[in-house]
Every structure is written in structure tokens, then in C-alpha cells.
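Colleague: Heads up: the sequence shown begins at 1 in our numbering, then just goes up one per residue. For every residue, glycine included, the Cβ atom is placed at its ideal position computed from N, Cα and C. Here the structure is a predicted model, which means the values were calculated and not measured. Handing you this structure, nothing more for now.
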Amino acid sequence: MITTTLSSDKSRSFGFYKDTLRRLKSFILFYGAVGFVFFPLQYLMGVLRDNGYYFMGLGEVFNAISMVFYGPFLCVVPVIVAAQIFGYMHSKKAVDLYHALPIRREELLLSSFAAGFTAILGPLALNYAIVILLKAVRFGGGQEVGKVVINFLYAAVICFAALAIAAFVFTQVGTKFDSIVITLGMYVILPALYLVTMLFMSEHLYGFNVDQSINWKLLLGLSPQLLFFYLYQGDYPLSSDPNMPTVASGHVTAFVWLIIGIFLALAAAVIYRRRKSEMAENTSTGGILKVFIKIASTYLASLLMGFIFEGVFGVGGDDFSMFLLGVVLGAVLVYLTAEVILSRSFKAIFKSLPMAAGLAVLLCAFSFVMHQGGFGYVTRVPKVEDVASVTIDYRGAYGENERQGGTGRYVQDVTLEGEEAKALVIQLHRLSVEEYQQYKGEVPDDSRYYRGYNYVNISYKMAGGSTMNRSYSSKSQGFLECLARLEANQEFITKTHPVFRTQYKDLEKVTLTGASGVGNVPLTFSEEEMNQLFTCMQEDLLARTYDQVVNGKPAIGFLSMDYKFDNRHNEYYSSDHSGRNQQSEYPEENFFMGGQLTLTEDFTNTVAFLKEKGYGSMLELQEGEVVGLVFRHPMYDGYNSEVISLVRDYNFNSYNSGNQTWKEEKGYVVYRDDPGLIGEILPKLHSSTINGYRCVRVDYVVNENLTANGAMEFPGGSVSNQGAYGYLAIDDLPEDVREELAEIDSEGIEYGQTTYPQVAVATESLSEDLAVQEE
């Protein structure tokens with residue numbers, strides 16, 4: 001072996017650089033042509049279309065084809081280049097020849113690296129220049145062209161960092177095949193480890209939620225290839241969440257990867273100087289990179305195998321013993337397979353068995369500890385005095401229409417600071433933990449009688465400045481009652497209901513609907529009268545008690561509020577068909593699309609005001625207005641999406657109804673049109689209740705002369721239409737209706753075996769609840 005380190009002449013380094021570029025000439029032509037097809041050509045075809053074209057990403061230069069193919073193509077190009085310029089290191093004959101050249105090893109590697117990056121950067125810059133030229137000619141220059149330049153700089157940083165990673169790997173591995181495999185693995189291993197760990201914690205650490213805990217900025221910073229996400233994202237923020245990526249965070253991430261790339265390239269040069277020529281063609285499975293890849297791959301595969309075994313073989317898809325079995329098999333099989341591939345010999349299996357078994361034991365121990373509570377993570381419940389504020393993604397029955405200023409996205413949570421509100425959320429947290437402890441981690445899931453809101457994300461801002469996030473899903477009565485008590489909390493109401501979050505000046509119109517759910521009448525009030533109406537609604541909502549929330553009296557009317565809204569909020573194409581997507585224009589402050597309020601006798605101030613203004617007749621059911629009732633089986637179309645089911649969705653499509661015919665062909669209901677029965681049932685209905693309480697939904701069937709929605713024929717000759725609905729306790733059901741509902745329950749419905757015995761009101765067997773007792 002001859003190693004020459006005497007010459008450091010820059011001209012020789014430059015000569016080697018040029019020689020390497022000449023050897024890459026064919027690659028440069030091929031790479032440039034493929035890049036042109038997937039990028040500039042796609043843009044050209046788009047701008048030439050007469051009907052406009054939709055472009056995406058930073059600078060709006062990508063279409064669907066370029067997004068799918070161009071990014072992944074650029075991700076693998078650095079590996080291809082690295083295999084060509086560093087491949088000599090893995091050939092015993094070639095490495096001796098290269099090391100005999102009159103050039104230092106560091107200069108040899110850095111010259112090759114520079115030539116490789118030039119081969120990538122040249123065609124990349126040319127393709128982007130074509131796109132910039134097309135954009136400037138078609139749409140003009142300015143800011144948009146500047147964004148395309150930033151787009152190019154991102155792509156250049158991605159390729160530079162990826163090539164630096166490849167150089168770092170190639171200098172430490174003995175064969176070209178191993179180098180390529182490990183390099184590709186290094187591109188994806190850190191994001192994969194992060195995601196799989198988050199998924200595992202979400203599935204097996206009670207209270208952990210991946211949506212709350214995952215840091216997208218961190219995730220996208222774990223690999224240079226993920227910088228392409230920022231190119232595809234464009235200028236539009238994904239969320240107000242500070243952990244979500246933005247263009248600004250993309251700039252920071254790109255700069256960090258530029259620094260990392262420079263460091264790795266220099267580190268590769270230092271490592272290469274000390275690399276022994278004898279490493280060429282060496283298939284040893286040692287070395288820090290190979291060990292890291294083997295262990296990381298084993299970790300990923302074992303957890304994924306655990307998920308598969310748990311889902312396929314577990315009882316009800318949730319058997320932790322099957323998960324552990326999958327972890328053991330996955331760890332052993334994958335580790336041994338990695339050893340065989342890297343060593344090119346099956347003899348490595350027997351030597352690697354102890355290590356594989358040790359990893360399997362460690363992974364099982366880790367999984368078991370997390371599943372059993374994660375060293376107190378599951379059972380920790382904060383004290384009220386230690387919490388500065390708490391954010392919960394439950395906004396009740398009336399707060400779901402609020403939009404974020406600037407983005408127009410729905411506001412999904414509310415932040416509470418009052419002692420009572422914080423205590424209610426903490427009590428919900430504590431109930432969930434006690435439920436987990438009662439069932440020893442295997443919380444049963446029985447959603448047969450519940451279709452409502454049962455999943456909340458909680459984020460505590462602690463007094464010391466730290467945060468604590470938890471997520472819980474439950475169908476227990478206590479869980480739902482805690483959410484219901486929030487509906488009666490004054491702070492919660494004022495921070496979610498539109499009459500507190502807006503002003504009457506923001507209203508376009510207010511519509512009053514009668515007690516039956518039909519007969520919409522716009523209210524023509526002066527500003528002073530509208531202000532009085534707002535004041536009355538605010539006073540009544542603040543006076544609402546918990547009992548009124550969970551056992552609301554029958555609805556006597558419905559107020560619907562439409563807010564002034566600028567139609568420019570929608571994204572649209574420019575009128576000249578330029579193909580450029582115009583940015584949405586939203587108000588700077590939060591705004592509402594609409595609002596609703598279900599009126600009962602408890603809304604004394606609002607009802608009195610409406611009666612004073614001459615709308616009293618609409619707040620009473622007229623004789624013969626409701627001509628039929630549809631009793632819906634609780635398992636089928638029983639509840640709204642909120643925990644507090646309110647009678648406010650009163651504009652339904654018309655439908656056919658009838659006794660046996662409806663049950664067999666349309667669904668699971670019982671229809672009655674006896675006037676005496678109707679008069680008996682209507683006063684017993686609740687306008688709101690808790691999903692899971694023993695009740696059934698009862699729909700009004702309204703006389704066709706009182707609605708303009710279009711009448712439908714009913715069996716028996718009656719002509720009617722659907723109006724509002726209410727909730728009736730099962731104990732108040734007529735005996736014959738109970739019997740028919742019980743028959744529906746037993747015909748073709750197979751129930752699960754798990755229940756919540758400590759909350760029988762919410763989940764005890766519906767067949768037993770509805771069955772007619774034999775004497």
C-alpha cells in the first residue's frame with residue numbers, strides 16, 4: 001500500500017475535481033433531463049393552459065405530478081452520486097490506486113464531495129432558472145420570483161446535507177452495498193424512531209396523546225429530506241399551534257442542516273484520513289453506524305410487530321400479551337436478519353442470539369413499564385392551586401362555530417382560568433385515572449348506547465410555567481357529567497357562546513323558529529331592541545343551572561343567528577386564469593359563522609322579551625300541529641355529536657315513516673300518531689340531556705300545512721313532515737313502544753361483552769332496560 005500525503009497543491013485538488021466532474025457527465029445529463037420532465041415541463045404545461053392551473057408550494061411552482069415525483073427523486077440522487085464518487089473506497093484495487101495519487105486524503109475526499117455536489121447543483125439550478133423565467137414572463141417578477149429562489153435554496157440545502165450524510169457513512173463502511181443501505185437508513189431512521197415511539201406511547205401509555213405531544217417542527221428537522229415539506233406547504237400556516245411548522249421555522253431548519261452538512265463533510269474528511277485501506281470489501285458487522293442501524297431497526301420492527309400481533313390476535317384487538325409476543329418475535333427476527341445481511345453469512349445467527357435475546361428482553365421491559373403507568377405518568381393529577389390555566393378541546397353545544405382570525409380555521413378548544421372551571425376539568429382527569437386503576441389498565445370499550453362526545457384533550461399551564469398534557473376517552477356517567485357541568489359554568493359559557501363572544505352589530509339576521517321546529521320568521525328589530533335581546537340571552541345563559549342543562553325542559557322555540565361574513569374568505573382562482581391561488585382574506589379577530597339557542601321556559605328574560613314583541617304565539621305548540629311521534633332506538637341515530645344533545649338541528653329532510661314498514665326498510669324506529677299519546681308525551685320531553693342517560697330520541701311529525709319543506713306520504717294516509725325532536729326517559733315510554741323497541745334491539749344486533757358496571761345508568765344492557773317484564 002502506498003499513501004501519499006506530501007502534496008497539498010490546490011491545482012491538483014482542482015484537477016481532481018474537474019476529472020471527477022468529467023466522469024459524472026453522463027449522470028449530469030440524465031439527472032438534468034429527468035428533473036426537467038418532473039419540474040419545469042410540468043410548470044410550463046400548467047401555465048400554457050387557457051383555463052388556469054393550480055400550483056402549490058412555496059412560490060406556487062409545483063403541480064400534483066412534480067410534488068409526487070420531484071421531491072423523492074432529489075432525495076435519492078445524493079446516494080447515487082455518493083456511490084459513484086466514493087465507491088473506490090470499497091474496492092481493494094481502486095483504493096490502493098487512489099491513495100497513490102499525489103494528493104492528501106482530506107483533499108481527495110473534499111474534492112470528490114465538491115464535484116458531486118456541483119453535479120447535483122448545476123442541473124438543479126438550471127431547472128429552477130427555467131421555472132423562474134417562465135414565472136417572470138407569465139406573471140411578472142417581484143415577490144413571487146423571490147419565493148422561487150428561496151425554494152431553490154431549500155432544495156440545494158437538502159441535497160448538500162444528504163450528500164454530506166452519505167460521505168460520512170461511506171468513509172466508515174467497508175462495502176458499497178452496506179454504505180447505500182445505511183445511508184438510506186440514516187435518512188429515515190430518526191423520524192421513524194420518533195413517530196413509532198409517539199404511536200406506541202399513544203396506544204399504551206394511558207392519557208398520552210400523539211396529537212398533543214408530537215412536535216412537528218422537531219420531526220421535520222430530523223432529516224434533511226423532510227425539508228421538502230416546507231416547499232410543499234407554501235405560505236399558509238397549518239395551525240396556530242406553536243409546535244406546527246411555518247415558513248419561518250423552515251428557514252431555521254434549513255440553516256441548521258446547512259451547518260450539520262458542513263460539519264459532517266469535514267468530519268468525513270477527518271475520518272477518511274485515518275481510515276485503513278484494509279476496510280475495503282470488509283463485511284464486518286461492527287462499527288458504530290452498523291450497530292446503531294441494527295438496534296434502531298430492531299426497535300422499530302419489534303414495536304410494529306407488536307401492533308400487528310395485538311390487532312390481529314388480541315381479544316377485541318387490545319390484548320397486551322399479544323403485543324409483547326410480537327415485540328419478542330420482531331426483535332429476534334429483525335436483529336438476526338440484519339446480522340445475516342450485513343455479514344453475508346448465516347453463521348452470524350448463532351453469535352448474535354444473545355444480543356437479540358437481550359434486546360427482546362429490554363424492549364419487553366420498556367413496553368411493560370409504559371403500559372403499567374410509565375413511572376407515575378398515568379396517575380399524576382395536578383392540584384387546582386398548582387394550575388394557572390387549563391385548555392380543553394371541548395366547547396359545548398354552542399361554541400363550535402367560532403373561527404380563528406386570520407386563518408378561518410375552527411376554534412376547537414377553550415382556555416379556563418377560574419377556580420371552579422379548573423376544578424371541574426381536574427375532576428374529569430381524576431375520574432379517568434380512577435377508571436384506569438379500577439380496570440388495571442384494560443379500560444373496557446362499549447359504545448353500544450353512546451354516540452356522543454367522549455374524547456377530550458387537556459393541556460395544563462402550571463403555575464411554574466411548565467405544561468402538562470393528557471387525553472382521555474370515556475363513556476362513564478361521571479365523565480359526561482363533568483363535561484355537562486362545564487356547560488353550566490359561567491366562565492365556560494362566556495368564552496364559548498356566540499352571544500358573549502360577539503356583538504349584536506355583527507349579526508346579519510336573527511331567525512325565530514316555532515316550538516315544533518317549523519315556521520322560520522326573521523326578527524326585524526332595531527339596534528336597541530337587538531341589544532336588549534342579546535342582554536336577555538346573556539342573563540338567561542348565565543343563570544342556567546346544571547339540572548337545566550342535563551334535564552332541559554321541552555323546547556318552546558329556537559333562535560338562529562346569522563353573522564355578517566365576508567365571502568372573500570374562500571380561496572379562489574384569479575379572474576385572469578393566471579393559475580395563481582389567491583390567499584384567503586379573513587378578519588383579524590375571531591369571528592362566528594352562526595349561532596343557535598334552544599329556548600325553554602327557563603329562559604325567562606328572552607321568552608318575556610319575545611312575547612312582548614308579539615312572537616308569543618310561536619312559542620307554543622298549536623293544537624294539531626304535531627300529528628305524529630317517531631321513537632328512535634338509542635343505538636340508531638340516537639344522539640348528536642355533543643355530550644349535551646340539544647334540540648337545535650330542526651331543519652331535517654322529509655322522510656317516509658310507518659310501523660313495520662319503516663322498521664324493515666328504513667331503520668329502527670317506532671311511529672305513533674295517536675293524539676292522546678302525543679299530548680301525554682310532549683310535556684315529558686327534554687330539550688337537552690347527557691348522552692348515555694337512559695332515554696330515546698323522539699322526532700316530531702308536523703302537519704303539512706305548517707311547513708314548506710315538502711310533505712311525504714305516510715302509511716295509513718296521513719301527510720306530515722319532520723320537525724324538531726326531544727329526549728324521553730326510557731321509564732316514561734308507553735308500554736307498547738317499549739316492547740317494540742325491545743324487539744328491534746334483539747333482532748340482528750349482537751352486543752359486545754364489556755360493560756361499565758359502576759355506571760349502570762349509562763351502559764347497562766339495553767335489552768334489559770327495554771324488555772317488558774313478565775308477571
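Does the distance from the C-beta atom of Leu220 to that of Phe229 stay below 8 Å?
Modeller: For the purposes of this step, residue 220 is taken as the residue at position 220 of the sequence shown. For the purposes of this step, residue 229 is taken as the residue at position 229 of the sequence shown. Contact: yes.
Colleague: Excluding five sequence neighbours on each side, which residues of the same chain lie with their C-beta closer than 8 Å to the C-beta of Glu385?
Modeller: Looking up residue 385 in the sequence shown gives position 385. The answer, listed in chain order, is Ala463.
Colleague: I'd like the list of long-range same chain contacts for Leu363, defined as Cβ closer than 6 Å, with 5 residues on each side in sequence excluded.
Modeller: On the sequence shown, residue 363 is found 363 positions in, with the first residue counted as 1. Cβ within range, chain order: Ser302, Val327 and Ala331.
Colleague: Whole angstroms are fine: how far does the CA of Met305 sit from the CA of Phe313?
Modeller: Within the sequence shown, the letter at position 313 stands for residue 313. Within the sequence shown, the letter at position 305 stands for residue 305. Near 12 Å, if we compare the C-alpha coordinates of Met305 and Phe313.
Colleague: Just reading off the alpha helix (DSSP H) that Phe139 is part of, what are its end residues?
Modeller: Along the sequence shown, read from residue 1 onward, the residue named residue 139 stands at position 139. Here the alpha helix (DSSP H) through Phe139 covers Arg105 to Phe139.
Colleague: Report the three-state DSSP secondary structure of Tyr700 (helix, strand or coil).
Modeller: Reading the sequence shown from its first residue, position 700 is the one you call residue 700. Here Tyr700 sits in strand by DSSP.
Colleague: Which residues in the same chain as Asn520 place their Cβ atom closer than 6 Å to its Cβ, once the five residues preceding and following it in sequence are excluded?
Modeller: Looking up residue 520 in the sequence shown gives position 520. So the list reads Thr511 and Thr513, once near-sequence residues are dropped.
Colleague: Which runs of the alpha helix (DSSP H) fall wholly inside the region 5 to 93 and span at least 4 residues, in chain order?
Modeller: 10 to 23, 25 to 38, 40 to 47 and 64 to 85
Colleague: Out of Val169, Asn703, Val669 and Leu728, which one is the CA nearest neighbour of Ser777?
Modeller: One cannot answer for residue 777 here, as it falls past the ends of the chain, which runs 1 to 775.
Colleague: Cβ of Phe778 within 8 Å of Cβ of Gln532?
Modeller: The chain is shown only over 1 to 775; residue 778 falls outside these bounds and no answer can be derived.
Colleague: Taking DSSP's pairing of strands, which residues face Pro695 in a bridge?
Modeller: Counting from 1 along the sequence shown, the entry for residue 695 is found at position 695. For the record, residue 695 in the displayed sequence is Cys; it is not Pro. DSSP lists Ala729 as partners of Cys695.
Colleague: Examine the Cβ distances between the region 122 to 141 and the region 20 to 38 and report whether three or more of them are shorter than 8 Å.
Modeller: Judged by Cβ distances under 8 Å, the region 122 to 141 makes contact with the region 20 to 38, as three or more pairs qualify.
Colleague: Looking only at C-alpha atoms, which of Leu733, Val696 and Leu597 sits nearest to Ala397?
Modeller: Within the sequence shown, numbered from 1, the residue matching residue 397 stands at position 397. Of Leu733, Val696 and Leu597, the residue nearest in Cα terms is Leu597.
Colleague: Measuring straight from C-alpha to C-alpha, what distance separates Val319 and Glu310?
Modeller: Residue numbering aside, residue 319 sits at position 319 when the sequence shown is read from its first letter. Residue numbering aside, residue 310 sits at position 310 when the sequence shown is read from its first letter. Checking the sequence shown, residue 319 turns out to be Asp, not Val. The straight-line gap from Cα to Cα measures roughly 6 Å.
Colleague: Using a Cβ-Cβ cutoff of less than 7 Å, which residues in the same chain neighbour Glu508 once the five nearest sequence positions on both sides are dropped?
Modeller: Start at 1 with the first residue of the sequence shown, and residue 508 comes out as number 508. Result list for Glu508: Asp562, Tyr563 and Lys564, in chain order.
Colleague: Go ahead and pull the three-state DSSP assignment for Thr535.
Modeller: By 1-based counting over the sequence shown, the position of residue 535 is 535. Thr535: helix per DSSP, three-state reduction.
Colleague: Would you check if the distance between the CB atom of Gln225 and the CB atom of Ile158 is smaller than 8 Å?
Modeller: Locating residue 225 in the sequence shown gives position 225, where the first residue counts as 1. Locating residue 158 in the sequence shown gives position 158, where the first residue counts as 1. With contacts defined as CB atoms closer than 8 Å, Gln225 and Ile158 qualify as a contacting pair.
Colleague: Cα separation between Asp856 and Arg12?
Modeller: The requested residue 856 is not part of the displayed model; the chain covers only 1 to 775.
Colleague: Nearest to Ile349 by CA position, among Thr175, Val334 and Ala360, is which residue?
Modeller: Residue mapping note: residue 349 aligns to position 349 of the sequence shown, counting from 1. Per the Cα distances, Val334.
Colleague: Can you name the start and end residues of the alpha helix (DSSP H) that Asp178 belongs to?
Modeller: For the purposes of this step, residue 178 is taken as residue 178 along the sequence shown, with counting starting at 1. Segment Lys176 to His204, the alpha helix (DSSP H) holding Asp178.
Colleague: Closest by CA to Lys93, which one among Pro123, Phe492 and Met279?
Modeller: Along the sequence shown, one-based indexing puts residue 93 at 93. The residue with the shortest Cα to Cα distance from Lys93 is Met279.
Colleague: Looking only at DSSP bridge pairs, what is Leu599 linked to?
Modeller: The count along the sequence shown starts at 1 and reaches residue 599 at position 599. Per DSSP, Gly557.
Colleague: For the region 156 to 173 against the region 261 to 279, do three or more pairs of beta-carbon atoms, one drawn from each stretch, fall closer than 8 Å, so that the two count as touching?
Modeller: yes
Colleague: Given a threshold of 16 other Cβ atoms within 10 Å of its Cβ, counted over all protein chains shown, does Met618 qualify as buried or as exposed?
Modeller: Along the sequence shown, read from residue 1 onward, the residue named residue 618 stands at position 618. The residue in question, Met618, is buried, as its Cβ has 16 or more Cβ neighbours within 10 Å.
Colleague: On the DSSP letters alone, give me the boundaries of the alpha helix (DSSP H) that Gly261 sits inside.
Modeller: As a first step, residue 261 must be located in the sequence shown, where it is residue number 261. First-last of the alpha helix (DSSP H) with Gly261: Val247 to Arg274.
Colleague: At the level of alpha carbons, what is the spacing between Met244 and Thr283?
Modeller: Residue 244 sits at position 244 when you count from the first residue of the sequence shown. Residue 283 sits at position 283 when you count from the first residue of the sequence shown. About 42 Å.
Colleague: Measuring alpha carbon to alpha carbon, tell me which residue in Gln42, Val77, His633 and Asp178 is nearest Met89.
Modeller: Along the sequence shown, read from residue 1 onward, the residue named residue 89 stands at position 89. Nearest option by C-alpha distance: Asp178.
Colleague: Are three or more beta carbon pairs between the region 58 to 69 and the region 151 to 167 nearer than 8 Å?
Modeller: yes
Colleague: List the residues that DSSP assigns as beta-bridge partners of Thr494.
Modeller: Locating residue 494 in the sequence shown gives position 494, where the first residue counts as 1. Answer is none; Thr494 lacks a bridge partner.
Colleague: Hey, out of Val737, Ala162, Met198 and Tyr394, whose CA is closest to Val77's CA?
Modeller: Here the question's residue 77 lines up with position 77 in the sequence shown. For the residues Val737, Ala162, Met198 and Tyr394, the minimum Cα distance to Val77 belongs to Ala162.
Colleague: Going straight from the alpha carbon of Ala742 to that of Val669, what length do you get?
Modeller: Position 742 of the sequence shown holds residue 742. Position 669 of the sequence shown holds residue 669. One C-alpha to the other measures close to 11 Å.
Colleague: Out of Gly723, Ile295 and Val188, point me to the one whose CA is closest to Thr337's CA.
Modeller: The residue you call residue 337 lines up with position 337 of the sequence shown. Measuring from the Cα of Thr337, the nearest candidate turns out to be Ile295.
Colleague: Going by C-alpha distance, which of His204, Lys383, Ser343 and Ser352 is nearest Ser321?
Modeller: Counting from one through the sequence shown, the residue named residue 321 turns up at place 321. Out of His204, Lys383, Ser343 and Ser352, His204 has the C-alpha closest to the C-alpha of Ser321.
Colleague: Among the residues of its own chain, which have a CB less than 6 Å from the CB of Phe69, if the five just before and after it don't count?
Modeller: Within the sequence shown, residue 69 is the residue found at index 69, counting from 1. Once the five neighbours on either side are set aside, the close Cβ partners of Phe69 are Phe38.
Colleague: Helix, strand or coil: how does DSSP classify Ile150 here?
Modeller: For this step, residue 150 is matched to residue 150 along the sequence shown. Correct three-state label for Ile150: helix.
Colleague: Considering only the beta carbon of each residue, do Ala488 and Tyr546 sit closer than 8 Å?
Modeller: Along the sequence shown, one-based indexing puts residue 488 at 488. Along the sequence shown, one-based indexing puts residue 546 at 546. Contact flag set, yes.
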